[in-house]
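Here the sequence shown is numbered in full-length UniProt numbering, starting from 1 and rising by one per residue. Please read the structure below before turning to the comments.
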Amino acid sequence: MNIEQDWSIRKTTTLIGALAAIATVPGLCWLSAEAQTVYPDVAADYWAQPFIQQLSQADILTGYPDGTFRPQQPIDRDEYAAVIRQAFETALTRSLPQGSTFEDVPENYWASTAIEEAYEMGFMDAPVPNEFEPQTEITRANAIVALVEGLSLQEAPVVAVPAATETVQPVRQRRRSPNRLAFPLASTAMMHLFAPPVTAATPAVAASSTSAAADIDLSQYYADADQIPAEAQDEVALATQNGLIVNYPDPTLLNPNQPISRGGAAALIHQALVYQNKLEPLPQTAEISQYILAPTETP
1 MNIEQDWSIR
11 KTTTLIGALA
21 AIATVPGLCW
31 LSAEAQTVYP
41 DVAADYWAQP
51 FIQQLSQADI
61 LTGYPDGTFR
71 PQQPIDRDEY
81 AAVIRQAFET
91 ALTRSLPQGS
101 TFEDVPENYW
111 ASTAIEEAYE
121 MGFMDAPVPN
131 EFEPQTEITR
141 ANAIVALVEG
151 LSLQEAPVVA
161 VPAATETVQP
171 VRQRRRSPNR
181 LAFPLASTAM
191 MHLFAPPVTA
201 ATPAVAASST
211 SAAADIDLSQ
221 YYADADQIPA
231 EAQDEVALAT
241 QNGLIVNYPD
251 PTLLNPNQPI
261 SRGGAAALIH
271 QALVYQNKLE
281 PLPQTAEISQ
291 YILAPTETP
C-alpha cells in the first residue's frame, strides 16, 4: 500500500508558517486533546475507540490531515515505526547497519527519522539485510514481537494498576521534545521540524528477554495457536502473560498472520503503555475489557 501524500510541499510550507504564528500566541497549544479525539470515522461504539481516544489525549496519535483516522485500514511498517517513536522513550541500543539509513528508505522519506530510531531502540528489525520494507503491512504477530523486544518484557507479569496514592503521569509529560507527530505521519518536513536529536547508541545490546519466555501452552489461549510463527511464539507468550493482547471480536483468535489495523495497533500500543504504568488501564466495566487477555487470567 502506497501512502498518499496528502500534503504538498506548498501546503507543508504554509503549515510551518502557521505553526510559527501559533507559537507567538501565549498559552495556545499546537493541537488540543479534544481536537485529537474527534474522528468522524471512529464511532463512539467502535471497539477500539477507547484506545484511540486515550492515545490521542496522551499526544501519541492524531488522524490524517483530512480529519479521519481510518481505524480499519492496515498499518504499514513505516507508520508503525512512527507510532513507536512517539509512544516510547527507551535508550538506543544499536546503530544502523553500514551507514545512516536503509537502502530502501531515502534520506528525505517522511518516516526516515522514525524508522531509524525504532530500529536503534530495538523495536523493529530489518526483514532483509540493509532494507526496512517501509510500505509493507505489518502482521499482528510481528507487531507484537516488535513491542516485546523493544520493551524487553520479562517472564513475570506486571500488573499495571497503580496504587490509590499513586498518580499516573501522562505520556505527554515525558516527551523528549514538543514532538507532535501524526498517526500516520504524512510529511517529511513535519518529522524533521519536531524530531528530537539522535543520541549515540549504547555499545552493547541487552540480552533478549525472550530467552526465558513464559512457559505457557498458547493453544489454551488461542484456537489458532498453530498459526503463530515459530519465531514469534516466545514473544506472543510474553505479551499474553503481560496483558498486551486485545483480540476483537473473538478473544480466542489471535489471527497472527493478518495485517494489524490502525485500530488494532492503537489497542496494542495502549496496552504496552499500561504495562509500563504510563497510561491507566481501561476500567473493567468497559465492554472492550472482555477482549483483553489479563496477565493472571486462566483460559
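Virtual Cβ for every residue (Gly too), placed ideally from N, Cα, C.
Quick one: measure Cβ to Cβ for residue i and residue j, integer angstroms, because I've assumed they're closer than 8 Å.
i              : j             : result
asparagine 130 : glutamate 103 : 5 Å
residue 300    : alanine 81    : Residue 300 is absent from the structure shown; the chain starts at 1 and stops at 299.
Please state whether the Cβ-Cβ distance between residue i and residue j is less than 8 Å.
i             : j              : result
aspartate 59  : alanine 111    : no
tyrosine 222  : threonine 252  : yes
isoleucine 84 : serine 261     : no
aspartate 217 : asparagine 255 : no
glutamate 133 : proline 259    : no
alanine 141   : proline 229    : yes
proline 65    : valine 42      : no
leucine 279   : isoleucine 288 : no
alanine 286   : valine 145     : no
alanine 239   : isoleucine 245 : yes
proline 50    : glycine 67     : no
glutamate 116 : threonine 101  : yes
threonine 93  : asparagine 257 : no
Kindly list the residues whose CB is nearer than 8 Å to the CB of residue i, restricted to its own chain and excluding five residues on each side of it in sequence; keep chain order.
i             : result
glycine 87    : Per the sequence shown, the amino acid found at residue 87 is alanine instead of glycine. Once the five neighbours on either side are set aside, the close Cβ partners of alanine 87 are Leu55, Ile60, Val171, Ile269, Ala272, Leu273.
arginine 10   : Confidence in arginine 10 is poor, its pLDDT being 36 and thus under 50, which makes the residue's placement too unreliable to answer from.
alanine 294   : Gly243
glutamine 284 : none
aspartate 226 : Ser219
Tell me whether residue i is buried or exposed, calling it buried when 16 or more other Cβ atoms sit within 10 Å of its Cβ.
i             : result
aspartate 234 : buried
valine 128    : exposed
glycine 122   : buried
alanine 44    : exposed
proline 106   : exposed
glutamine 53  : buried
glutamine 220 : exposed
Can you list, in chain order, the residues of its chain whose CB lies under 7 Å from that of residue i, leaving out five sequence neighbours each side?
i                : result
alanine 265      : Ile75, Tyr80, Val83, Ala143
serine 211       : Low local confidence applies: a pLDDT of 40 at serine 211 is under 50, so the model's placement there is unreliable, with the coordinate-based value given in what follows. So no residue of the chain qualifies.
phenylalanine 69 : Tyr39, Asp41, Val42, Ile52, Gly63, Arg262
aspartate 215    : none
Tell me which residues share the same chain as residue i and place their Cβ nearer than 6 Å to its Cβ, disregarding the 5 neighbours each side in the sequence.
i            : result
tyrosine 248 : Trp47, Tyr291
serine 209   : Per-residue confidence for serine 209 stands at a pLDDT of 41, beneath the threshold of 50, marking its modelled position as unreliable; no derived number is given.
glycine 263  : Ala48, Pro71
alanine 267  : Ala48, Phe51, Val246
glutamine 73 : Arg262
leucine 147  : Ala272
Report the start-end ranges of each alpha helix (DSSP H) in the UniProt domain "SLH" (35-98) that is 4 residues or longer and not cut off at the edges. 49-57, 77-87
Taking only runs that begin and end inside the UniProt domain "SLH" (219-283), name each unbroken alpha helix (DSSP H) of 4 or more residues, in chain order. 233-241, 262-275
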